[in-house]
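Here is the structure we will look at, set down as structure tokens.
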């Protein structure tokens with residue numbers, strides 16, 4: 017199938033237009049009266065309501081349940097290379113409003129829906145870029161986007177990919193593209209006073225989570241002189257910064273040996289001898305430590321996403337409740353609980369209500385000291401509530 021040079025109109029089912037009048041960027045196949053299954057991937061679409069009125073312009077992937085991603089809400093604006101270049105420039109400029117460029121640091125330069133380029137994520141690690149395409153339709157402009165990133169950001173190297181899971185959902189082949197210098201070793205960068213590395217070339221992205229980097233620093237202020245259990249520590253983000261800033265002792269727990277190896281290497285590289293790591297399932301570890309009678313001055317919970325769809329919200333809240341309940345069993349009065357959720361489908365209100373129920377069941381009071389979100393380079397698009405995904409609460413437990 018070939019791509020038409022002109023936008024092709026597709027109609028919505030009756031009464032399905034309201035989210036898109038509010039500029040939500042995702043049109044699922046079930047919302048369409050004409051599903052576009054016979055059109056080419058990357059075809060520009062004019063989205064119409066059921067009566068034929070123009071609503072928005074986007075691009076289509078006939079193999080994805082997320083059938084159309086919307087980018088333009090003005091019929092005079094074309095979807096082309098110029099649009100992507102302008103949106104990338106705007107995203108980078110947005111980050112320079114509060115943060116001057118630090119050439120040795122890491123940051124997210126483009127955050128998909130939040131920067132009005134649904135399906136594109138760009139992370140900068142010092143002088144290199146890691147690019148993720150999460151939209152099969154956007155691959156039509158892959159070369160143009162990568163060339164512009166290389167030209168405008170003056171990077172040493174770019175590694176771009178679409179991961180296996182996304183490729184399956186989008187009905188496209190896995191890809192990896194490299195521009196500039198061939199990376200024969202991991203990229204070194206600075207974050208929160210630590211020397212860290214990320215292996216962009218191998219696909220094992222074991223650098224610190226960029227969305228949590230400001231939270232790592234904020235949490236560390238509460239942990240000086242304390243014993244800390246960092247659960248689901250991945251590559252050590254919270255624990256490494258806490259150890260660097262004066263925590264008495266830190267134990268990091270994760271189920272991934274690859275992540276723990278990266279965390280151990282990072283601790284050695286930064287000369288941190290107050291932190292150690294254990295490989296374990298988070299629930300099993302918390303139960304085991306309670307059975308052994310261990311107590312900590314602080315427990316950090318930063319689990320992976322528990323809810324990938326709205327159908328998983330209830331089970332996710334139960335899992336969060338169980339995890340936080342087990343954490344409270346290890347905390348003395350006056351202890352610090354740091355609890356996070358990266359499940360966008362779980363609202364902040366639902367997360368707080370879960371904690372309220374945990375406190376009631378464990379007969380413990382929680383005083384929330386800070387109710388935080390992601391770093392400023394992960395902005396929120398008000399028209400896409402799913403982009404407001406990260407919750408990080410710092411609470412004193414009585």
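Residue numbers (my numbering): 17 to 414. Ideal Cβ placement from N, Cα and C applies to all residues, glycine included.
Residue i (DSSP reduced to helix, strand or coil)
{"i": "residue 336", "result": "helix"}
{"i": "residue 355", "result": "strand"}
{"i": "residue 329", "result": "helix"}
{"i": "residue 211", "result": "strand"}
{"i": "residue 241", "result": "coil"}
{"i": "residue 164", "result": "helix"}
{"i": "residue 346", "result": "coil"}
{"i": "residue 59", "result": "strand"}
{"i": "residue 260", "result": "helix"}
{"i": "residue 298", "result": "helix"}
{"i": "residue 383", "result": "strand"}
{"i": "residue 412", "result": "strand"}
{"i": "residue 94", "result": "coil"}
{"i": "residue 76", "result": "strand"}
{"i": "residue 170", "result": "coil"}
{"i": "residue 146", "result": "strand"}
{"i": "residue 365", "result": "helix"}
{"i": "residue 31", "result": "coil"}
{"i": "residue 391", "result": "coil"}
{"i": "residue 113", "result": "coil"}
{"i": "residue 401", "result": "helix"}
{"i": "residue 265", "result": "strand"}
{"i": "residue 108", "result": "helix"}
{"i": "residue 280", "result": "helix"}
Cβ shell of residue i (< 6 Å), same chain only, five flanking positions each side left out
{"i": "residue 402", "result": "360"}
{"i": "residue 173", "result": "144, 196, 197 and 199"}
{"i": "residue 323", "result": "329, 332, 359, 361 and 362"}
{"i": "residue 127", "result": "394"}
{"i": "residue 213", "result": "202 and 204"}
{"i": "residue 370", "result": "333, 336 and 337"}
{"i": "residue 409", "result": "355, 384 and 387"}
{"i": "residue 240", "result": "262"}
{"i": "residue 318", "result": "248 and 356"}
{"i": "residue 156", "result": "58"}
With 16 other Cβ atoms within 10 Å as the buried cut-off, status of residue i
{"i": "residue 331", "result": "exposed"}
{"i": "residue 113", "result": "exposed"}
{"i": "residue 17", "result": "exposed"}
{"i": "residue 170", "result": "exposed"}
{"i": "residue 340", "result": "buried"}
{"i": "residue 167", "result": "exposed"}
{"i": "residue 254", "result": "buried"}
{"i": "residue 49", "result": "exposed"}
{"i": "residue 150", "result": "buried"}
{"i": "residue 22", "result": "exposed"}
{"i": "residue 92", "result": "exposed"}
{"i": "residue 232", "result": "buried"}
{"i": "residue 295", "result": "exposed"}
{"i": "residue 33", "result": "buried"}
{"i": "residue 365", "result": "exposed"}
Rounded distance between the beta-carbons of residue j and residue i, thought under 8 Å
{"i": "residue 81", "j": "residue 107", "result": "Between residue 107 and residue 81 the Cβ distance is about 27 Å, and since that is not below 8 Å, they are no contact."}
{"i": "residue 378", "j": "residue 353", "result": "Actually they are not in contact, since the Cβ atoms of residue 378 and residue 353 sit about 11 Å apart, beyond 8 Å."}
{"i": "residue 306", "j": "residue 342", "result": "7 Å"}
{"i": "residue 236", "j": "residue 257", "result": "5 Å"}
{"i": "residue 135", "j": "residue 187", "result": "Not confirmed; about 14 Å, so no contact."}
{"i": "residue 264", "j": "residue 290", "result": "7 Å"}
{"i": "residue 246", "j": "residue 316", "result": "5 Å"}
{"i": "residue 249", "j": "residue 391", "result": "With a Cβ gap of about 18 Å, residue 249 and residue 391 do not count as contacting."}
{"i": "residue 97", "j": "residue 41", "result": "With a Cβ gap of about 19 Å, residue 97 and residue 41 do not count as contacting."}
{"i": "residue 124", "j": "residue 226", "result": "5 Å"}
Close beta carbons around residue i, own chain, < 8 Å, minus the five adjacent residues each side
{"i": "residue 190", "result": "177, 178, 179, 180 and 183"}
{"i": "residue 389", "result": "396, 404, 406, 407 and 408"}
{"i": "residue 38", "result": "399"}
{"i": "residue 286", "result": "210, 211, 256 and 260"}
Cβ shell of residue i (< 7 Å), same chain only, five flanking positions each side left out
{"i": "residue 55", "result": "17, 24, 76 and 78"}
{"i": "residue 88", "result": "72, 73 and 95"}
{"i": "residue 375", "result": "381 and 382"}
For residue i: DSSP bridge partner residues
{"i": "residue 124", "result": "139"}
{"i": "residue 42", "result": "85"}
{"i": "residue 191", "result": "178"}
{"i": "residue 248", "result": "Beta-bridge pairing links residue 248 to no other residue."}
{"i": "residue 133", "result": "None, per the DSSP bridge assignment."}
{"i": "residue 270", "result": "295"}
{"i": "residue 304", "result": "Residue 304 pairs with nothing; no bridge assigned."}
{"i": "residue 196", "result": "173"}
{"i": "residue 317", "result": "247 and 355"}
{"i": "residue 25", "result": "62"}
{"i": "residue 204", "result": "213"}
{"i": "residue 407", "result": "357"}
{"i": "residue 48", "result": "28"}
{"i": "residue 70", "result": "64"}
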